[in-house]
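Participant: Everything in the sequence shown is counted per the numbering used here, starting at 499 for the first residue and increasing by one.
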Amino acid sequence: MDFRVGFGYDSHRLETGLKFRLGGVDIESEKGCVAHSDGDALIHALCDALFGAAGLEDIGTHFPDNDLKFKGIDSTLLLAKTVDILHEEGWGINNIDLTIILERPKLANYKPLIKNKLAEILRISPAAISVKAKTNEKMGFLGRGEGVAALAAVTLIRNH
Ligand code: MG
């Protein structure tokens with residue numbers, strides 16, 4: 499059996515009056531993401547971790563941000579496509595561990611929604627997904643609420 503670990507990171511700038519999505523879930527917030535797509539940093543980090551674990555480059559290679567086709571795209575579609583690509587290569591997801599770094603709003607109420615949404619898209623059990631959220635203790639760009647960052651670790655398995 500092949501067993502692989504992948505890691506992903508993404509960040510997006512936040513500005514007042516824009517939509518804010520994390521893990522395919524709309525977040526009520528005074529600020530939202532400045533991005534080519536819908537700015538879903540959590541899904542982007544997750545896609546990078548999945549591609550990385552499978553040795554298949556990264557999200558920018560598969561879904562280039564200079565391609566108009568992906569402008570404003572719902573990132574859940576990118577994640578669904580990512581998992582299709584992994585399945586074609588014979589990979590299954592063993593588990594996913596996610597961390598969101600955001601000063602506000604607090605995400606405690608959103609974590610179960612995000613977990614269930616991702617489980618639905620990836621067609622795996624919510625029990626295989628962990629969603630954590632923390633602040634940056636008011637330090638740096640994250641601490642000043644200028645942006646959001648997300649970290650993703652995944653393990654994949656493939657039977658020979
Ligand atoms: Mg991104």
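We treat Cβ as the ideally placed atom computed from N, Cα and C, and that holds for glycine.
DSSP puts SER509 in a beta bridge; with which residues?
Facilitator: Numbered from its first residue, the sequence shown carries residue 509 at position 11. Paired residue(s): ALA647.
Participant: Quick check: SER628 and LEU577, are their CB atoms within less than 8 Å of each other?
Facilitator: In the sequence shown, counting from the first residue as 1, residue 628 sits at position 130. In the sequence shown, counting from the first residue as 1, residue 577 sits at position 79. In this structure, LEU577 does not lie closer than 8 Å to SER628 by Cβ.
Participant: Beta-carbon within less than 7 Å of THR514's beta-carbon, same chain only, minus the 5 sequence neighbours each way: which residues are those?
Facilitator: Numbered from 1 along the sequence shown, position 16 holds the residue referred to as residue 514. Excluding its 5 nearest sequence neighbours in each direction, THR514 has C-beta neighbours in its own chain below 7 Å: GLU528 and LYS529, listed in chain order.
Participant: Go through the region 503 to 578 residue by residue and report every complete run of the beta strand (DSSP E) that reaches 3 residues or more, in order.
Facilitator: 529 to 532
Participant: Beta carbon of GLY619, beta carbon of GLY522: below 8 Å?
Facilitator: Position 121 of the sequence shown, counting from 1, holds the residue named residue 619. Position 24 of the sequence shown, counting from 1, holds the residue named residue 522. Sequence inspection shows Ile at residue 619; the Gly mentioned does not correspond to that position. Contact: yes.
Participant: Return the residue from the list GLY588, GLY537 and THR559 that minimises the CA-CA distance to ILE571.
Facilitator: Position 73 of the sequence shown, counting from 1, holds the residue named residue 571. Closest by alpha carbon: GLY537.
Participant: Within 7 Å: the Cβ of HIS560 and any heavy atom of the ligand MG?
Facilitator: Start at 1 with the first residue of the sequence shown, and residue 560 comes out as number 62. Incorrect: HIS560 has no Cβ contact closer than 7 Å to the ligand MG.
Participant: Buried or exposed: ASP563, going by 16 or more other Cβ atoms within 10 Å of its Cβ?
Facilitator: For the purposes of this step, residue 563 is identified with residue 65 of the sequence shown, where counting begins at 1. It counts as exposed.
Participant: Per DSSP, what kind of secondary structure is ALA631 in: helix, strand or coil?
Facilitator: By 1-based counting over the sequence shown, the position of residue 631 is 133. DSSP places ALA631 in strand when its eight states are reduced to three.
Participant: Rounded C-beta distance between ALA476 and GLY506? I'm assuming under 8 Å.
Facilitator: The first residue shown for the chain is 499 and the last is 658, placing residue 476 beyond what the model contains.
Participant: Does the Cβ-Cβ distance between ASN592 and THR653 come in under 8 Å?
Facilitator: On the sequence shown, position 94 is the one that residue 592 refers to. On the sequence shown, position 155 is the one that residue 653 refers to. It is a contact, given that the beta carbons lie within the stated cut-off.
Participant: Starting from the C-beta of LYS499, find all residues in its chain whose C-beta is less than 8 Å away, skip the five residues before and the five after it, and write them out in chain order.
Facilitator: Within the sequence shown, the letter at position 1 stands for residue 499. Reading the sequence as shown, one finds Met at residue 499 and not Lys. For MET499, where only same-chain residues beyond five positions count, the Cβ hits under 8 Å are ILE655, ARG656, ASN657 and HIS658.
Participant: Quick check on LEU520: buried or exposed, where buried means 16 or more other Cβ atoms within 10 Å of its Cβ?
Facilitator: Position 22 of the sequence shown, counted from the start, is the residue given in the question as residue 520. So LEU520 counts as buried.
Participant: Sort out for me which residues DSSP pairs ASN593 with in a bridge.
Facilitator: As a first step, residue 593 must be located in the sequence shown, where it is residue number 95. The partner list for ASN593 (beta bridge, DSSP) reads THR653.
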